[in-house]
Amino acid sequence: MDRKFTLRIAAITLCAALGIGAVMQSGMTKTQPATAQVPLVVSEVQEVSSTPRDLMPVDMPIVASLPDNIISAAVTSILDPVEIVVPEAPEETGFACDVTMTATPIAGAMMTVDLTAPCHGSERVTLHHNGLMFTSLMQPDGSLSVDVPALTQHALVIASFLDGSGAVAMTDVTSVPFYDRVVLQWRGDAGLQLHAREFDAEYFTDGHIWHGAGGDPTRAAKGQGGFLTSLGTADAPDALLAEVYTFPSGMTDTAGTVTLTVEAEIIASNCDSSVEAQTLEIRNGGTLTSKELTIDVPGCDAVGDFLLLKNIVEDLTIAAK
Numbered sequence: 057m058d059r060k061f062t063l064r065i066a067a068i069t070l071c072a073a074l075g076i077g078a079v080m081q082s083g084m085t086k087t088q089p090a091t092a093q094v095p096l097v098v099s100e101v102q103e104v105s106s107t108p109r110d111l112m113p114v115d116m117p118i119v120a121s122l123p124d125n126i127i128s129a130a131v132t133s134i135l136d137p138v139e140i141v142v143p144e145a146p147e148e149t150g151f152a153c154d155v156t157m158t159a160t161p162i163a164g165a166m167m168t169v170d171l172t173a174p175c176h177g178s179e180r181v182t183l184h185h186n187g188l189m190f191t192s193l194m195q196p197d198g199s200l201s202v203d204v205p206a207l208t209q210h211a212l213v214i215a216s217f218l219d220g221s222g223a224v225a226m227t228d229v230t231s232v233p234f235y236d237r238v239v240l241q242w243r244g245d246a247g248l249q250l251h252a253r254e255f256d257a258e259y260f261t262d263g264h265i266w267h268g269a270g271g272d273p274t275r276a277a278k279g280q281g282g283f284l285t286s287l288g289t290a291d292a293p294d295a296l297l298a299e300v301y302t303f304p305s306g307m308t309d310t311a312g313t314v315t316l317t318v319e320a321e322i323i324a325s326n327c328d329s330s331v332e333a334q335t336l337e338i339r340n341g342g343t344l345t346s347k348e349l350t351i352d353v354p355g356c357d358a359v360g361d362f363l364l365l366k367n368i369v370e371d372l373t374i375a376a377k
């Protein structure tokens, strides 16, 4: 079977989450999903102190809280299959410019993606997986290795370069149904963060999982707690970035609630503007769902403060196994 045909077969099998996520990435051709997405709008920001200073690091600004009633037009969609166009790798020429990629399952329902593209050293590349999209920079020698949370058991990963070349890799990640996952993804320097506080944990204690304390996939594989994966290279041009929280809901012996919040740091690049983002969620081995959201950020006189955005994602309710 020739390589072009294999790529087309891979495109047809790709879940629609990639199709919906592709609106954040220019240059990808796709059909529109059957159900239109209505943005989740966050507005009318009111800054109210919500986190005591004695629980915060010295250099951490006050967290401001949004009122509960400011979120409207929330839409959750179950994603239907669509066909997309997969970047085709160059014709076989015998030269060392071929793009190759492999995906290998690892602990925590993760997979290691290894990409080799000798003629794309130090270039930006976008990786796509079931709606999850992020931008990385290739190493100078044209290599890249990154651990990616799997969102489906039969995992397909696509790499695309700006010149239209790319590669496809597939693997089976059989442990996916044992984990709940929540993805927050956005473009550029949006100041967004995903936070999880497990079983009534206070901020900045052991049970508070965020990019400053991401946890460990090996610990999660033992049912002992969740972890956060940060994806993407922030200094890549027009970067797509993502944070993924994972909890081993099918293996834990602890019952309770994991409180999930989205926080936005008010910085020079987002103040007095709107920030667009997307969430993806898979829970209890169910179907992947998606939400689009828009956040109205306060004026630039509030630079350095944080917004605590409530009701963006539902908390996880965990039952002991």
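Numbered as in our numbering, the sequence shown ends at 377 without a single skipped number. Ideal placement from N, C-alpha and C gives every residue a C-beta, glycine not left out. All values reported here derive from a predicted model rather than from experimental measurement.
Local conformation of P273 per DSSP, three classes: Counting from 1 along the sequence shown, the entry for residue 273 is found at position 217. Reduced to three states, the DSSP call for P273 is helix.
Cβ shell of H185 (< 8 Å), same chain only, five flanking positions each side left out: Reading the sequence shown from its first residue, position 129 is the one you call residue 185. Within the same chain, and ignoring the five residues on either side of H185 in sequence, the residues whose Cβ sits closer than 8 Å to its Cβ are L74, V204, A206, L207, A211, L212, V213, I214.
Every unbroken beta strand (DSSP E) inside the region 160-242 [3 residues or more]: Correct list: 166-172, 180-185, 188-193, 199-205, 210-217, 222-228.
Rounded C-alpha distance that separates W242 from A333: Counted from its first residue, the sequence shown places residue 242 at position 186. Counted from its first residue, the sequence shown places residue 333 at position 277. Approximately 5 Å between the Cα atoms of the pair.
Close-in-space but distant-in-sequence residues of the same chain around S305 (CB under 6 Å, 5 per side omitted): Position 249 of the sequence shown holds residue 305. Closer than 6 Å at Cβ, skipping near neighbours: D236, I374.
Three-state class that DSSP yields for D245 in the structure shown: As a working mapping, residue 245 is identified with position 189 in the sequence shown. Residue state for D245 is assigned as coil, using DSSP reduced to three classes.
Spatial distance of D245 from L364 (CA atoms): For the purposes of this step, residue 245 is identified with residue 189 of the sequence shown, where counting begins at 1. For the purposes of this step, residue 364 is identified with residue 308 of the sequence shown, where counting begins at 1. Rounded to whole angstroms, D245 to L364 spans 18 Å at the Cα level.
For M157: DSSP bridge partner residues: To locate residue 157, count along the sequence shown from 1; it is residue 101. BP columns for M157 point to L171.
Alpha carbon of D357 to alpha carbon of I265, nearest angstrom: Taking the sequence shown and counting its residues from 1, the one referred to as residue 357 is at position 301. Taking the sequence shown and counting its residues from 1, the one referred to as residue 265 is at position 209. Straight-line measurement puts the Cα of I265 at about 29 Å from the Cα of D357.
Three-way DSSP call (helix, strand, coil) for A320 in this model: Counted from its first residue, the sequence shown places residue 320 at position 264. In the three-state reduction of the DSSP assignment, A320 falls in the strand class, which pools E and B.
Buried or exposed by the 16-neighbour rule on C-beta atoms within 10 Å, applied to E379: A question about residue 379 goes unanswered here, because the residues of the chain that appear run from 57 up to 377.
Nearest to A165 (by Cα), restricted to the options M307, L250, L297, T315: Taking the first residue of the sequence shown as position 1, residue 165 is located at position 109. Ranking M307, L250, L297, T315 by Cα distance to A165 puts M307 first.
The region 317-332 touching the region 273-292, judged by at least three CB pairs closer than 8 Å: No, the region 317-332 is not in contact with the region 273-292.
CB contact flag (T156, A223, <8 Å): Position 100 of the sequence shown, counted from the first residue, corresponds to residue 156. Position 167 of the sequence shown, counted from the first residue, corresponds to residue 223. Yes. Within cutoff.
Candidates G355, E337, G342, P354, of which the one nearest E348 by Cα: Position 292 of the sequence shown, counting from 1, holds the residue named residue 348. Nearest in C-alpha terms to E348, of all of G355, E337, G342, P354, is E337.
Own chain residues within Cβ distance below 7 Å of E254, not counting five before or after: The count along the sequence shown starts at 1 and reaches residue 254 at position 198. Result list for E254: G263, I265, G281, G282, V314, in chain order.
Integer Cβ distance of T172 from S199, believed to fall under 8 Å: The sequence position of residue 172 within the sequence shown is 116, counting from 1. The sequence position of residue 199 within the sequence shown is 143, counting from 1. At roughly 6 Å, the Cβ-Cβ gap stays under 8 Å, so T172 and S199 are in contact.
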